[in-house]
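Q: Structure incoming, see below.
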Amino acid sequence: MPFLILLVFILVPIAEIAIFIEVGDRIGLGWTLFTIVATALIGTALVRQQGLQTLMKVRSDMERNVLPVDAMLTGLCILVAGVLLLTPGFLTDFLGFMLLIPPLRSAIGHGIVHQMRKSGRFTVYTTGATGQSRANSRDGVIEGEFEEVSPDDGPQGGRDGGNPNGPPRNGDRLT
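First residue of the sequence shown: 1, per UniProt numbering; consecutive thereafter.
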């Protein structure tokens with residue numbers, strides 16, 4: 001994987017330079033630079049619009065207590081699209097605009113999730129009503145609250161009248 005990333009960082013700039021030279025020969029330097037700046041501005045506007053829509057979708061899902069996996073993957077694709085569109089070059093602009101097409105973006109997101117599940121390194125941690133992550137219970141200790149209830153409990157909450165060596169009360173930590 002590190003070799004693949006290194007290869008991308010070497011080959012993409014070489015391809016961009018070759019495309020710049022070819023396009024510059026055909027339409028001229030001024031129009032080439034104008035096209036690069038225009039695609040960056042148009043791409044930024046599209047990324048902003050779609051990013052705000054995705055943020056609203058995430059908020060809506062969270063308010064309905066739905067895990068916003070699709071919206072988060074969409075947001076990740078939009079983030080990558082924004083980086084690609086701000087990087088000068090025709091190849092990166094093309095890839096960035098492709099990530100702004102919703103059906104293609106959805107297919108890429110589902111492909112990423114499929115690969116993560118297939119690799120076996122995909123874990124989701126959720127939070128309970130108290131907001132505490134379930135990841136804290138991995139070491140075998142589950143933190144929680146309890147209250148001992150018996151028919152003859154007085155106003156002090158226990159039969160011992162508040163003895164510090166008595167039974168634990170709500171909020172006490174078990175070890």
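Even glycine gets a Cβ: it sits at the ideal position worked out from N, Cα and C.
How many angstroms separate the CA atom of A81 from the CA atom of L99?
A: Residue numbering aside, residue 81 sits at position 81 when the sequence shown is read from its first letter. Residue numbering aside, residue 99 sits at position 99 when the sequence shown is read from its first letter. One C-alpha to the other measures close to 6 Å.
Q: Contact between the stretch 104–123 and the stretch 63–78 is defined here as three or more beta-carbon pairs at a separation below 8 Å; is this criterion met?
A: Because the criterion of three Cβ pairs below 8 Å is met, the stretch 104–123 and the stretch 63–78 touch.
Q: A29: buried (16+ other C-beta within 10 angstroms of its C-beta) or exposed?
A: Against the sequence shown, residue 29 aligns to sequence position 29. It should be noted that the sequence gives Leu, not Ala, for residue 29. Exposed: under 16 other Cβ atoms inside 10 Å.
Q: State whether the stretch 42–52 contacts the stretch 83–100, with contact taken as three or more CB pairs (one from each stretch) at a distance under 8 Å.
A: Enough Cβ pairs lie closer than 8 Å, so yes.
Q: So, at 7 Å on beta carbons, what are the nonlocal neighbours of V23 in its own chain, with the 5 sequence-adjacent residues on each side left out?
A: The sequence position of residue 23 within the sequence shown is 23, counting from 1. So the list reads T32, F90, once near-sequence residues are dropped.
Q: Suppose contacts are defined by Cβ-Cβ distances below 9 Å. Is V113 in contact with V58 by that definition?
A: As a working mapping, residue 113 is identified with position 113 in the sequence shown. As a working mapping, residue 58 is identified with position 58 in the sequence shown. Contact flag unset, no.
Q: Can you tell me whether G111 is helix, strand or coil according to DSSP?
A: The residue labelled residue 111 in the question sits at position 111 within the sequence shown. DSSP places G111 in helix when its eight states are reduced to three.
Q: Under a Cβ-count criterion, where at least 16 other Cβ atoms within 10 Å of its own Cβ denotes burial, should G96 be classed as buried or exposed?
A: Here residue 96 refers to the residue found at position 96 when the sequence shown is read from its first residue. Buried, because 16 or more other Cβ atoms sit within 10 Å of the Cβ of G96.
Q: Give every residue of the same chain whose Cβ lies closer than 8 Å to the Cβ of A71, excluding the five residues on either side of it in the sequence, and list them in chain order.
A: In the sequence shown, counting from the first residue as 1, residue 71 sits at position 71. So the qualifying residues of the chain are T54, K57, V58, D61.
Q: Please name the residue in V12, T92, P13 whose C-alpha comes closest to that of V37.
A: Residue mapping note: residue 37 aligns to position 37 of the sequence shown, counting from 1. Of the candidates V12, T92, P13, the one whose C-alpha sits nearest the C-alpha of V37 is T92.
Q: Roughly how many angstroms separate the alpha carbons of Q49 and E145, rounded to a whole number?
A: On the sequence shown, residue 49 is found 49 positions in, with the first residue counted as 1. On the sequence shown, residue 145 is found 145 positions in, with the first residue counted as 1. For Q49 and E145, the distance between alpha carbons rounds to 45 Å.
Q: Please list, in chain order, all residues of the same chain as L46 whose beta carbon is under 7 Å from its beta carbon, the five residues on each side excluded.
A: Position 46 of the sequence shown, counted from the first residue, corresponds to residue 46. Once the five neighbours on either side are set aside, the close Cβ partners of L46 are L100.
Q: Do you know how far the Cα of L73 is from the Cα of V66?
A: If you number the sequence shown from 1, residue 66 lands on position 66. If you number the sequence shown from 1, residue 73 lands on position 73. Spanning the two alpha carbons is a distance of roughly 14 Å.
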